[in-house]
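Trainee: Chains as they are written, first to last, in the numbering used here: chain D, 1475 to 1615; chain H, 157 to 388. Glycine included, each C-beta is placed from N, C-alpha and C at the ideal position. I'd like to ask you about the structure that follows.
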């Protein structure tokens, strides 16, 4: 059992993302920027696939105390390293609470860099920190 | 952050395995005549049972691996909204001049209708966020330096804002400025009025003669500073 499981496909995410707004940059009467892009480094690896495997990566979010008026988008900014390849994901896609397809590809691939965008923030939101978990699910086709 | 769960596969496993071991149950019902015959049936049935159980274990293991074609991982994403109270008077550094014209002839009244005693050229802009959405802030005003000449008063009115987002505040009725803090705008929630002239609340200052008998002309010009504060 253990041996069989160790060969199973695997997806790994490294890094986390924080958005914060510096009030010094806001002029009186002004509001937060409508959208913001992440600068934190986050990347994903796809490994331990069976030989010549095609795969699909789905993305969703699992809210902790997220404000539903703020939308989150993700895109990839690199092709990744390895003998495999990925298709799609270059344009921002909206992350919902249900799975949606982010990437498809073939064989193992490492260090696919991800970038996030949030939009919809405004002063009517309660001050504080909002959290959500971004979940990536790898399916071997 | 790594989580591996196989809820569906485990259910499948339990069902199949449970069915396998329940197979020898009919042996408990003693319907056969001889002991040796019963023992023979027992052994055969036990063998069948064992075989079936092993088969189902293998099927289950294969099934478990066949269904395990996915994996997931996650990471946290956070967004921090700061609590803030920001305000400005626009145009910045505007000096407001109010005057009441002296009567030209003895017995005439002071002219308070030529418009020189009124100024409506400034606006107040603010941005505010709250830790509690139902909370509120207020905007206070007071004279912090200089003093209004005896016998005169300065009235201040803030108009409702025609611009902005969120819960902008509600202006008080006209107040008379003094060295004591007074509420000019209340019930400010998470809000932004917009930036610049013609955004936010328009302010109107009006110099009025209250009691001519108390007027003292020490100096022709008096300077006062009016300070606005936004707070919880």
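#1: What is the rounded straight-line gap between the Cα of residue 244 (chain H) and the Cα of residue 1534 (chain D)?
#2: What's the call for residue 336 (chain H), buried or exposed, on a 16-neighbour Cβ count within 10 Å?
#3: Which residues in chain H sit within 9 Å of residue 1589 (chain D), going by Cβ to Cβ distance?
#4: Whose CA, out of H:338, H:332, H:305, H:282, lies closest to the CA of residue 323 (chain H)?
#5: Count the other C-beta atoms from every protein chain shown that fall within 10 angstroms of the C-beta of residue 351 (chain H), then say buried if there are 16 or more, exposed otherwise.
#6: Between residue 328 (chain H) and the rest of its own chain, which residues show a CB-CB distance below 8 Å, the 5 nearest in sequence each way excluded?
#7: Alpha carbon to alpha carbon, what distance is there between residue 1492 (chain D) and residue 1604 (chain D)?
#8: For residue 1416 (chain D) and residue 1505 (chain D), I'd like the C-alpha separation in whole angstroms.
#9: Output, in chain order, the set of chain H residues within a Cβ distance shorter than 7 Å of residue 1485 (chain D).
#10: Could you tell me the boundaries of the beta strand (DSSP E) in which residue 1510 (chain D) lies?
#11: Below 8 Å on the Cβ atoms is my guess for residue 1597 (chain D) versus residue 370 (chain H); work out the distance and round it to an integer in Å.
#12: Between the Cα of residue 355 (chain H) and the Cα atoms of H:270, H:301, H:279, which residue gives the shortest distance?
#13: Quick one: using the 10 Å Cβ neighbour count with 16 as the cut-off for buried, is residue 1601 (chain D) buried or exposed?
#14: Where does residue 228 (chain H) land, buried or exposed, given buried means 16+ other C-beta within 10 angstroms?
#15: Can you give me the start and stop residues for the beta strand (DSSP E) that residue 1536 (chain D) sits inside?
#16: Is it a yes or a no for the stretch 358-367 of chain H touching the stretch 299-312 of chain H, going by three-plus beta-carbon pairs under 8 Å?
#17: Using C-beta distances below 8 Å, list every residue in its chain close to residue 1610 (chain D), excluding the 5 sequence neighbours before and after it, in chain order.
#18: Across which residues does DSSP place residue 293 (chain H) in a beta bridge pair?
#19: Hey, would you say residue 276 (chain H) sits closer than 9 Å to residue 380 (chain H), going by beta carbons?
#20: Touch check for the stretch 1547-1560 of chain D and the stretch 1579-1595 of chain D: three-plus C-beta pairs under 8 Å?
#21: Taking Cβ positions only, does residue 221 (chain H) come closer than 9 Å to chain D?
#22: Any idea if residue 1416 (chain D) is buried or exposed, counting beta-carbon neighbours within 10 angstroms, 16 or more meaning buried?
#23: Check residue 332 (chain H) in the structure and name its three-state DSSP category.
#24: Given a threshold of 16 other Cβ atoms within 10 Å of its Cβ, counted over all protein chains shown, does residue 332 (chain H) qualify as buried or as exposed?
#25: Nearest-angstrom Cα distance between residue 298 (chain H) and residue 386 (chain H)?
#26: Look up residue 369 (chain H) in the DSSP assignment and say whether it is helix, strand or coil.
#27: Report the residues of the stretch 1596-1615 of chain D with a CB closer than 7 Å to any CB of chain H, ordered along the chain.
#28: Under a three-way DSSP split, which group does residue 358 (chain H) fall into?
#29: Determine the extent of the beta strand (DSSP E) in which residue 1591 (chain D) is found, giving its start and end residues.
#30: How many angstroms separate the CA atom of residue 383 (chain H) from the CA atom of residue 1599 (chain D)?
Mentor: In short:
#1: 42 Å
#2: The residue is exposed, with fewer than 16 neighbouring Cβ atoms inside 10 Å.
#3: Correct list: empty, because the minimum Cβ distance to chain H is about 12 Å.
#4: Comparing C-alpha distances from residue 323 (chain H) to each of H:338, H:332, H:305, H:282 shows the shortest one belongs to H:282.
#5: buried
#6: Excluding residues within five positions, the ones whose Cβ falls inside 8 Å are 314, 338, 339, 340, 341, 342.
#7: 10 Å
#8: Here chain D comprises residues numbered 1475 to 1615, so residue 1416 (chain D) is not present and cannot be evaluated.
#9: What residue 1485 (chain D) touches in chain H: 227, 228, 229.
#10: 1509-1511
#11: The pair is not a contact, with the Cβ atoms about 45 Å apart (cut-off 8 Å).
#12: H:279
#13: buried
#14: buried
#15: 1528-1537
#16: yes
#17: 1485, 1487, 1518, 1531, 1532, 1533, 1576
#18: H:344
#19: It is not a contact, given that the beta carbons lie outside the stated cut-off.
#20: yes
#21: Any reading at residue 221 (chain H) needs caution, since the residue's pLDDT is 49, under 50, leaving its predicted position unreliable; the model's value is listed next. Answer yes: the Cβ-Cβ gap between residue 221 (chain H) and chain D drops below 9 Å somewhere.
#22: Absent from the structure is residue 1416 (chain D), since the part of chain D shown begins at 1475 and ends at 1615.
#23: It is a strand residue.
#24: exposed
#25: Distance between residue 298 (chain H) and residue 386 (chain H), taken at the CA atoms: about 12 Å.
#26: helix
#27: 1596, 1597, 1598, 1599, 1600, 1601, 1602, 1603, 1604, 1605, 1606, 1607, 1608, 1609, 1610, 1611, 1612, 1613, 1614
#28: strand
#29: 1583-1593
#30: 28 Å
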